[in-house]
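K.L.:
Chains as they are written, first to last, in my numbering: chain A, 37 to 392; chain B, 37 to 392; chain C, 37 to 392; chain D, 37 to 392. Glycine residues also receive a C-beta, built at the ideal position from the N, C-alpha and C atoms. What you are looking at is a predicted structure, and each value in this text was computed from that prediction instead of being measured.
Protein chains: 4
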Amino acid sequence: MNTFGHIFRITTFGESHGEGIGVVIDGCPAGLEIDLDFLASEMKRRKPGQSKITTPRKEKDDLQILSGIFEGKSTGTPLAIFIPNQDQKSGDYSHIATKFRPSHADYTYQQKYGNRDYRGGGRSSARETAARVAAGAIAKLFLKSKGISIQGYVSQVGNIALQKDYSELNFSKYNKNKENIIRCPDEETSKKMIDLIEKVKNEGDTIGGVVSCVLKNVPVGLGEPVFDKLHAELGKAMLSINAVKGFEYGSGFEGVKLKGSEHNDEFYTDSTGKIRTKTNHSGGIQGGISNGEAIYFKVAFKPVATLMQDQESVDTEGNKVTVSGKGRHDPCVVPRAVPIVEAMAALVIADFYLRN
Amino acid sequence: MNTFGHIFRITTFGESHGEGIGVVIDGCPAGLEIDLDFLASEMKRRKPGQSKITTPRKEKDDLQILSGIFEGKSTGTPLAIFIPNQDQKSGDYSHIATKFRPSHADYTYQQKYGNRDYRGGGRSSARETAARVAAGAIAKLFLKSKGISIQGYVSQVGNIALQKDYSELNFSKYNKNKENIIRCPDEETSKKMIDLIEKVKNEGDTIGGVVSCVLKNVPVGLGEPVFDKLHAELGKAMLSINAVKGFEYGSGFEGVKLKGSEHNDEFYTDSTGKIRTKTNHSGGIQGGISNGEAIYFKVAFKPVATLMQDQESVDTEGNKVTVSGKGRHDPCVVPRAVPIVEAMAALVIADFYLRN
Amino acid sequence: MNTFGHIFRITTFGESHGEGIGVVIDGCPAGLEIDLDFLASEMKRRKPGQSKITTPRKEKDDLQILSGIFEGKSTGTPLAIFIPNQDQKSGDYSHIATKFRPSHADYTYQQKYGNRDYRGGGRSSARETAARVAAGAIAKLFLKSKGISIQGYVSQVGNIALQKDYSELNFSKYNKNKENIIRCPDEETSKKMIDLIEKVKNEGDTIGGVVSCVLKNVPVGLGEPVFDKLHAELGKAMLSINAVKGFEYGSGFEGVKLKGSEHNDEFYTDSTGKIRTKTNHSGGIQGGISNGEAIYFKVAFKPVATLMQDQESVDTEGNKVTVSGKGRHDPCVVPRAVPIVEAMAALVIADFYLRN
Amino acid sequence: MNTFGHIFRITTFGESHGEGIGVVIDGCPAGLEIDLDFLASEMKRRKPGQSKITTPRKEKDDLQILSGIFEGKSTGTPLAIFIPNQDQKSGDYSHIATKFRPSHADYTYQQKYGNRDYRGGGRSSARETAARVAAGAIAKLFLKSKGISIQGYVSQVGNIALQKDYSELNFSKYNKNKENIIRCPDEETSKKMIDLIEKVKNEGDTIGGVVSCVLKNVPVGLGEPVFDKLHAELGKAMLSINAVKGFEYGSGFEGVKLKGSEHNDEFYTDSTGKIRTKTNHSGGIQGGISNGEAIYFKVAFKPVATLMQDQESVDTEGNKVTVSGKGRHDPCVVPRAVPIVEAMAALVIADFYLRN
């Protein structure tokens, strides 16, 4: 099923090598001003070919809004967005039509469906995320109108990890100066990350990374007890992005090493009379429900599976074959993954905001 | 909403200090033999008071099957299970009726609902997981009939981590000799973990941990592309368990440090003609769909928030108060969390099995 | 699937000859006073054996509320209700174990599931409606707290139709004097209906009928455009009741004979400044959304299929057999169907009220 | 919510006076040959301006398939279809911008949403049904591949009712000779119906009607017990079509007059060994599940609310106003409603077929 969300709900469609990619957003409130320039800028952040450390492949992400807008504002009816494909060369992929690329979805799709659209992966292609970013941009506009901000950034590439906590980072400066190509809000670390990516790229290899994300001004009370906890839906949203291997929020896996007396976030009343916590190991969520503190989480991305190297594999008959690297692919997915992580977070928060 | 799953779907109800806890399982196939002894043994694994490192609080988990069974077999109609509460003392909790316990759901529930059932946490209580274990036991019986096995175990307590990969562990020996009280399949590590828990318990403190889980013989093809990827649903299921802070599968967060050439799982054809992978960084899932290899994942649990120590906090009016530790609570949640992790995994796999 | 509704959502379970029948209500708002006497009186209206024109079979409908209530009020968590079966004699049904009763669900269940619970029809039994009435009683309490009333009544039995429009009926008098056994708010017509039912009963035969229902003070704006129109959900709810063959609202099938100039409901502003319609062919719903006028609809029930006569049929092998009437059944279902129609209407309106 | 169906699921979007109308079909099986000529012919049957008894308004229904097709066959991924609007004149509607047209959705939309798209009714416009017909055509292609046929026809206009049962009608002859403009498979009755429509049209008035529908070769076993009975979903589907006031299947409202001994459908084994029923008052559905006999039902349509006459009403301020008839509208909706009824039936049956 290609639907995500309950009240603010999206259904995506389209293939990487068909007519295009699209999304229907059902449940977007009426009267929201749709800033087309913002939509375009979000699409641009996800687009291939934006820098030397991303794939040189070009996509043209010109949005068409097919419905749901009247005089520049949402009408409350379904908002359909279509992004036509351009300059796709199906021929690029013919060399792998009968081979299973290691750590791709080729084998599992073939086994599940009995066939697969080998032209760029069909629906399993990362191009599907363009629809997520478009829908996420609408969700961001909605959240912005409520004062909620979402900020993703790259916090790790290979072994190089940003040694600063989200609370130590100066995003206003980072945004003012525009994002750098690695989308890490620390210049020194950014440089190391970029160097590492260029190095593995020159080896015809790829490398993994981590995207962190911080949500501010999320009101107290979002999330549902029991199964639809706020972080459970955030986790599902992130894990549904291609190449993701893990999700943690607040203290995450490191938190298991702490004692309760170290980990507990004590409450206090601040000078404005607001109840807050002294620390934020909870990551802004307690009992599955937002508590008003910053929500932060991390998402692990594996190294891109398509290499510019020969790899051993088998074909659909089970015969041993060599898969040779061709095409134009990312040496590291995380810079372009930042807007996708943000988009999925926006969709989850918008949905819970309206459910509340 | 208190419903989880699509085809094999559960709805849970009940409070920790009301009449009891229950679950309705809709979509369990007809003709499944319901082994009541197995259900009882699963409930016993989750039950408090089972060893010196768990809470001494007693619960009596006698199951009543209200519907869906005829002559010992499921009929295909909804299977309702009820577990009456016994010996609950509401008085135990009166001392915290107006105080927000640090890192509990007290504050967020109060803000969201305007009131809360302070008697043991109501629906936010871990007692709700008894219903999950009961439903999970039914799912396990179904999966067992298909040859699928699920094995959870404790792989970390505080800083003490099991240094063996799932593939190095001998579960058959471990199960033959019965689980130890920490539920870690390595005697030496188990001893260290138990010592650590006893130490923090004596300090009136608590400690976090990690539960790992391995699923074997899951057929190729479970999971859906795009949003309902197999690991995305597993992640949501795990993150919906109380106290969970993170989820990773396959190579997880460590995998981001690898290069693609190290991380990719090359395919080969084994001596029986079956297509397999040489390594299993993918964790048995590629493109969101099971590939027939072992599925394995890790779940991070924070330290239990209820301490036998005084903590600072505020009351519902925002006044500074001291929360004193009382009652009988677990110093470390992971031993009792093992059957809950297994239960949620069983529910997810049963659902995808039937969706396929 | 045994779930109905979106926000105010019920899941029913249980069989006619098992432990009992039950329902879990998810989404009932917190703070609603649960009037147990009202619940009992609603159950009594549906119960068999209540008069000479219903089946003499007895059922004891003692409700147990398993969860969701604290100090007499709903807590907002799932409300589980269980109604144990009593005095069920499975032996009564052994004579039809291998025969397909005409116009029952025997044949279709056998073909769909490969087996069926022949003891009183299992889930296809009308006993399942006890759970609907229990859940509907909770929904009615909620709607009553919002000033909304629901009134069902029998408007036709066989050829005998009540010749008065809903607007001509005096329900306050009817309710003051208590319902009569046929539940028709017109004494003269009631007498004829009762006579007819007694006549067909003496012939060992059965007869169909129509239940009408009027909803007053439903606020403007309930219902969703496109697929989830208010009358579409009401229609589905009614058609899901056993033995229902048709649903119409407002002018219904008779309305097709009218011209637009006769059928259109002209708007006017009443003395209080409220916009109303002069006529109400629309039945209180325009474009799928309530307009504040009375909502009224009719539900057609076929004659009960179980006769006290011999009928020709086939057995599971396809051999010609005679099905002989045994047991205790209703000669006409509509008097007992009134509370079921009301219950389903209450569930639909409560759900749309909360969705709005 | 603009989504219908469970497995074979559609989401519609678009407005009557925006860019166009569209639908995303999720769950269409892979490998289905998409006959574009058939899609075009179905769209043509719904289109305005096709005969003297329909509106002279023209719409151009050129379909664009945006995704889900590869080499002429469905791929199993979402199938998106877009139908651009052409030659829409918003100016036509300005005279009713602040007036509530009697028996339209103007008033309820205004009250529910605080605003409405007065240009042709926005989403409440019958143009939305173009998306249903497009999706229904895909469903029909799927059902045709399984041998299932769907035949709708006009059985009543005003007082003129077709006096023949579905079993007496010769559809093969009717189809061979092409449908007539009224879509009634009886020449004599057709003539009377057409005369009546022309008469009311000349009076500037409109008239209601009934569409009947017969489904043949539906396999035994479609439909779910309890809430999702086959006829309950069919009923909801039909009642969700604009202007529908009632739904009945099998013996329907007339059946309530019969005794059980007259109404019951006795089983017999036919010469091929197949179990069948002698009569078909059940309408092909027993206990909510198809029994292999023909499924037939009727759908009541009210007279079109837009008249070429002056009508009294109020404006958004509650002031008395006159609504004058303008524009180009149908004097009777049923001829064009036939393909819509068929489309919704096809969507329901395709969904249950895949759920089974």
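Let me know if residue 92 of chain B comes out buried or exposed under the rule of 16 or more other beta-carbons within 10 Å of its beta-carbon.
P.N.:
For this step, residue 92 of chain B is matched to residue 56 along the second sequence. Result: exposed.
K.L.:
How about residue 40 of chain D and residue 390 of chain D: do their beta carbons lie closer than 7 Å?
P.N.:
Within the fourth sequence, residue 40 of chain D is the residue found at index 4, counting from 1. Within the fourth sequence, residue 390 of chain D is the residue found at index 354, counting from 1. No, they are not a contact pair.
K.L.:
At what residues does the alpha helix (DSSP H) containing residue 44 of chain C begin and finish?
P.N.:
Residue mapping note: residue 44 of chain C aligns to position 8 of the third sequence, counting from 1. Premise fails: residue 44 of chain C is in no alpha helix (DSSP H) and is neither H nor E.
K.L.:
Taking three-plus beta-carbon pairs below 8 Å as touching, is the stretch 241-254 of chain D in contact with the stretch 244-262 of chain C?
P.N.:
They do not touch, by the three-pair rule.
K.L.:
For residue 120 of chain B, write down the residues that DSSP places opposite it in a beta bridge.
P.N.:
On the second sequence, position 84 is the one that residue 120 of chain B refers to. B/56.
K.L.:
Tell me which residues of the stretch 100-113 of chain D have at least one Cβ-Cβ distance to chain A shorter than 9 Å, keeping chain order.
P.N.:
Under the 9 Å Cβ criterion, the stretch 100-113 of chain D contributes 100, 101, 102, 103, 104, 105, 106, 111, 112 and 113.
K.L.:
Whole angstroms are fine: how far does the CA of residue 102 of chain B sit from the CA of residue 55 of chain C?
P.N.:
Translated into the one-based positions of the third sequence, residue 55 of chain C becomes position 19. Translated into the one-based positions of the second sequence, residue 102 of chain B becomes position 66. Distance between the alpha carbons of residue 55 of chain C and residue 102 of chain B is about 6 Å.
K.L.:
Taking residue 245 of chain D as part of the beta strand (DSSP E), name the residues at either end of that continuous run.
P.N.:
As a first step, residue 245 of chain D must be located in the fourth sequence, where it is residue number 209. Taken as a continuous stretch (DSSP letters only), the beta strand (DSSP E) holding residue 245 of chain D covers 245-252.
K.L.:
At a CB-CB cut-off below 8 Å, which residues of chain D make contact with residue 192 of chain C?
P.N.:
One-based indexing of the third sequence puts residue 192 of chain C at position 156. The answer, in chain order, is 292.
K.L.:
Are residue 72 of chain A and residue 382 of chain A closer than 7 Å when you measure CB to CB?
P.N.:
Counted from its first residue, the first sequence places residue 72 of chain A at position 36. Counted from its first residue, the first sequence places residue 382 of chain A at position 346. No, these two residues do not count as a Cβ contact at 7 Å.
K.L.:
Would you report the Cα separation of residue 384 of chain A and residue 289 of chain D, rounded to the nearest angstrom?
P.N.:
Here residue 384 of chain A is taken as the residue at index 348 of the first sequence, counted from 1. Here residue 289 of chain D is taken as the residue at index 253 of the fourth sequence, counted from 1. If I take the Cα positions, the gap works out to 47 Å.
K.L.:
For chain D, check one thing: does any of its Cβ atoms lie closer than 7 Å to the Cβ of residue 311 of chain C?
P.N.:
Numbered from its first residue, the third sequence carries residue 311 of chain C at position 275. Output row for residue 311 of chain C: interface = yes.
K.L.:
Can you tell me the Cβ-Cβ gap for residue 190 of chain C and residue 220 of chain C, rounded? I've got them flagged as a contact below 8 Å.
P.N.:
On the third sequence, position 154 is the one that residue 190 of chain C refers to. On the third sequence, position 184 is the one that residue 220 of chain C refers to. Indeed they touch by this definition, with Cβ atoms about 4 Å apart.
K.L.:
Using the C-alpha atoms, what's the distance from residue 100 of chain D back to residue 380 of chain A?
P.N.:
As a first step, residue 380 of chain A must be located in the first sequence, where it is residue number 344. As a first step, residue 100 of chain D must be located in the fourth sequence, where it is residue number 64. Cα to Cα, residue 380 of chain A sits roughly 29 Å from residue 100 of chain D.
K.L.:
Return helix, strand or coil for residue 135 of chain D, following the three-state DSSP convention.
P.N.:
Locating residue 135 of chain D in the fourth sequence gives position 99, where the first residue counts as 1. Residue state, collapsed to three classes: strand.
K.L.:
Which residues does DSSP pair with residue 50 of chain D in a beta bridge?
P.N.:
One-based indexing of the fourth sequence puts residue 50 of chain D at position 14. Answer is D/57.
K.L.:
What is the DSSP secondary structure of residue 283 of chain D, counted as helix, strand or coil?
P.N.:
Within the fourth sequence, residue 283 of chain D is the residue found at index 247, counting from 1. It is a strand residue.
K.L.:
Are residue 104 of chain C and residue 116 of chain B close, meaning C-beta to C-beta below 7 Å?
P.N.:
On the third sequence, position 68 is the one that residue 104 of chain C refers to. On the second sequence, position 80 is the one that residue 116 of chain B refers to. No.
K.L.:
Quick check on the DSSP output: the alpha helix (DSSP H) that includes residue 289 of chain D runs from which residue to which?
P.N.:
What you label residue 289 of chain D is simply residue 253 of the fourth sequence in a count that begins at 1. Element bounds for residue 289 of chain D: n/a, residue is neither H nor E.
K.L.:
Does any C-beta atom of chain B lie closer than 7 Å to the C-beta of residue 120 of chain A?
P.N.:
The residue labelled residue 120 of chain A in the question sits at position 84 within the first sequence. For residue 120 of chain A, the answer is no, since every Cβ of chain B falls outside 7 Å of its Cβ.
K.L.:
Shortest alpha-carbon distance to residue 279 of chain D belongs to which of D/209, D/368, D/235 and D/198?
P.N.:
Within the fourth sequence, numbered from 1, the residue matching residue 279 of chain D stands at position 243. Measuring from the Cα of residue 279 of chain D, the nearest candidate turns out to be D/368.
K.L.:
Less than 6 Å separating the Cβ of residue 205 of chain B from some heavy atom of the ligand COA?
P.N.:
What this structure holds is no ligand at all, so the ligand COA is not there to describe.
K.L.:
Using 7 Å as the limit for Cβ to Cβ distance, is residue 346 of chain A near chain B?
P.N.:
For the purposes of this step, residue 346 of chain A is identified with residue 310 of the first sequence, where counting begins at 1. With 7 Å as the cut-off, residue 346 of chain A does not count as an interface residue toward chain B.
K.L.:
Just the Cα atoms here: how many angstroms apart are residue 378 of chain C and residue 87 of chain C?
P.N.:
As a first step, residue 378 of chain C must be located in the third sequence, where it is residue number 342. As a first step, residue 87 of chain C must be located in the third sequence, where it is residue number 51. Distance between the alpha carbons of residue 378 of chain C and residue 87 of chain C is about 20 Å.
K.L.:
With 7 Å set as the bound, which would you pick, yes or no: does the beta-carbon of residue 38 of chain C sit closer than that to a beta-carbon of chain B?
P.N.:
As a first step, residue 38 of chain C must be located in the third sequence, where it is residue number 2. Cβ-Cβ to chain B under 7 Å: yes for residue 38 of chain C.
K.L.:
Would you check if there are 3 or more beta carbon pairs closer than 8 Å linking the stretch 232-246 of chain B to the stretch 338-355 of chain B?
P.N.:
Judged by Cβ distances under 8 Å, the stretch 232-246 of chain B makes contact with the stretch 338-355 of chain B, as three or more pairs qualify.
K.L.:
With respect to the alpha helix (DSSP H) encompassing residue 271 of chain A, which residues constitute its N-terminal and C-terminal limits?
P.N.:
Looking up residue 271 of chain A in the first sequence gives position 235. From DSSP, the alpha helix (DSSP H) with residue 271 of chain A extends over 266-275.
K.L.:
Comparing C-alpha positions only, which one of C/360, C/265 and C/274 sits nearest to residue 264 of chain D?
P.N.:
Reading the fourth sequence from its first residue, position 228 is the one you call residue 264 of chain D. Considering only alpha carbons, the answer is C/274.
K.L.:
Can you give me the Cβ contacts of residue 324 of chain A inside the same chain, cut-off strictly under 8 Å, excluding the 5 residues immediately before and after it?
P.N.:
The count along the first sequence starts at 1 and reaches residue 324 of chain A at position 288. The residues are 259, 260, 261, 262, 264, 265, 266, 267 and 268.
K.L.:
Within 7 Å of any Cβ in chain D, is that where the Cβ of residue 146 of chain C sits?
P.N.:
Locating residue 146 of chain C in the third sequence gives position 110, where the first residue counts as 1. With 7 Å as the cut-off, residue 146 of chain C does not count as an interface residue toward chain D.
K.L.:
Taking buried to mean at least 16 other C-beta atoms within 10 Å of its own C-beta, is residue 327 of chain D buried or exposed?
P.N.:
For this step, residue 327 of chain D is matched to residue 291 along the fourth sequence. That one is buried.
K.L.:
Along the beta strand (DSSP E) that carries residue 296 of chain D, what are the first and last residues, could you check?
P.N.:
Counting from 1 along the fourth sequence, the entry for residue 296 of chain D is found at position 260. From DSSP, residue 296 of chain D is part of no beta strand (DSSP E) but of the alpha helix (DSSP H) over 296-299.
K.L.:
Just the Cα atoms here: how many angstroms apart are residue 207 of chain A and residue 83 of chain A?
P.N.:
Within the first sequence, numbered from 1, the residue matching residue 207 of chain A stands at position 171. Within the first sequence, numbered from 1, the residue matching residue 83 of chain A stands at position 47. Cα to Cα, the separation comes out at about 22 Å.
K.L.:
Considering only the alpha carbon of each residue, which of A/304, A/140, A/164 and A/109 lies closest to residue 349 of chain A?
P.N.:
Counting from 1 along the first sequence, the entry for residue 349 of chain A is found at position 313. Measuring from the Cα of residue 349 of chain A, the nearest candidate turns out to be A/140.
K.L.:
Anything in chain B within Cβ reach of residue 268 of chain C, meaning under 7 Å, just list it in chain order.
P.N.:
Position 232 of the third sequence, counted from the first residue, corresponds to residue 268 of chain C. The contacting residues do not exist; residue 268 of chain C stays about 23 Å from chain B at best.
K.L.:
Run through DSSP, which three-state label would residue 172 of chain C get?
P.N.:
Here the question's residue 172 of chain C lines up with position 136 in the third sequence. Helix, per DSSP.
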